[in-house]
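Inspection log for the structure reproduced underneath, given as structure tokens.
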Ligand SMILES: O=C(O)CCC(=O)C(=O)O
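In my numbering, the protein residues as written are 18 to 265.
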């Protein structure tokens, strides 16, 4: 466990850790969601290490907002998205309209299958005001959430655009997917984008958070702040996660 993860877990120990087996009442899910929200605010993620059921996960996720998508993640050769493949998934963010992502571990990979996380919550400290403004003009594509338009399993692809940096009244949010950059940027945008990728690379060397969920544990992340990915796993891996996309 990394120093950072240990820190996070210690600070949330009373709510998110512990030996009890499941919770059945809404009030327990509500109490837990308070701890999760606090951890999302401070660390950008919350690892619920207290063993629980998929039903508990669902109940807790509902306390965090509206679930807009549920996905079963397991190696599925006939599906085309990278999330069903055994290859490494590079650090990225999901649909930027979705604020919180949650994964519940039904079965972990035998060898690894850890979630890899990178925090961009300090972006304003690393870039000048001018560079931040330039980043608000750098558009990154994201798949159209309407499955009638974007459904790679049916040969349909359609993308919308979202800025790399989005200035909100309370914070500066990031949306980055290295394989969904637009076809062309001007010279200034290319320069700032190169500095941004170097910022991520340097961070990845020293600040990558690695969380290997055990069966019965879950992980929530702030999708407008944290990048996530995972290393490659075996094609025969039985790893099985339930994912939810949550809008606040
Ligand atoms: O399999 C995982 O751990 C992550 C999959 C992923 O990238 C996603 O859910 O967006």
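We put the beta carbon where it would ideally sit given N, CA and C, even for glycine.
As the structure is a computational prediction, the values presented were derived from the model and not from experiment.
Test item: CB-CB of residue i and residue j under 8 Å
i: residue 79; j: residue 258; result: no
i: residue 116; j: residue 241; result: yes
i: residue 176; j: residue 202; result: no
i: residue 184; j: residue 151; result: no
i: residue 81; j: residue 56; result: no
i: residue 229; j: residue 110; result: no
i: residue 114; j: residue 264; result: yes
i: residue 149; j: residue 93; result: no
i: residue 169; j: residue 98; result: yes
i: residue 70; j: residue 50; result: no
CA-to-CA distance, residue j to residue i, given in whole angstroms
i: residue 103; j: residue 129; result: 12 Å
i: residue 19; j: residue 193; result: Confidence at residue 19 is low in this model, with a pLDDT of 45, below 50, so its placement is unreliable and no value can be given for it.
i: residue 144; j: residue 181; result: 13 Å
i: residue 212; j: residue 178; result: 21 Å
i: residue 7; j: residue 174; result: Any question about residue 7 goes unanswered here, given that the chain covers just 18 to 265.
i: residue 3; j: residue 61; result: Missing from the structure shown is residue 3; the chain here goes from 18 to 265 and no further.
i: residue 225; j: residue 58; result: 18 Å
i: residue 248; j: residue 227; result: 10 Å
i: residue 253; j: residue 101; result: 12 Å
i: residue 23; j: residue 172; result: Here the model assigns residue 23 a pLDDT of 41, short of 50, so the residue's position is not dependable, and the following value carries that caveat. Their backbone Cα atoms lie some 44 Å apart in a straight line.
i: residue 73; j: residue 131; result: 22 Å
i: residue 43; j: residue 222; result: 41 Å
i: residue 45; j: residue 52; result: 11 Å
i: residue 105; j: residue 66; result: 24 Å
Segment limits, alpha helix (DSSP H) that includes residue i
i: residue 107; result: Per DSSP, residue 107 belongs to no alpha helix (DSSP H); it is in the beta strand (DSSP E), 106 to 109.
i: residue 89; result: Note, residue 89: premise wrong, no alpha helix (DSSP H); beta strand (DSSP E) at 83 to 90.
Opening and closing residue of the beta strand (DSSP E) in which residue i lies
i: residue 53; result: Not the beta strand (DSSP E): residue 53 falls in the alpha helix (DSSP H), residues 43 to 59.
i: residue 119; result: 117 to 124
i: residue 182; result: 182 to 184
i: residue 64; result: 62 to 65
i: residue 159; result: 156 to 160
i: residue 102; result: Note, residue 102: premise wrong, no beta strand (DSSP E); not H, not E.
i: residue 260; result: 257 to 264
**Request:** Ignoring anything shorter than 4 residues or poking outside the stretch 225 to 254, list the alpha helix (DSSP H) runs there in chain order.
**Result:** none
**Message:** Under 8 Å, with one C-beta from each stretch per pair, do the stretch 156 to 164 and the stretch 223 to 240 reach the 3-pair mark?
**Reply:** no
**Message:** Can you confirm whether the stretch 82 to 90 touches the stretch 212 to 222 when touching is taken to mean that 3 or more C-beta pairs between the two stretches lie within less than 8 Å?
**Reply:** no
**Prompt:** What residue ranges within the stretch 126 to 152 form continuous beta strand (DSSP E) runs of no fewer than 3 residues, ordered along the chain?
**Reply:** 132 to 136
**Message:** Taking 8 Å as the cut-off, does the stretch 136 to 150 touch the stretch 240 to 254 (at least 3 CB pairs, one atom from each stretch)?
**Reply:** yes
**Inside the stretch 174 to 211 only - beta strand (DSSP E) runs reaching at least 3 residues** = 176 to 180, 182 to 184, 189 to 191
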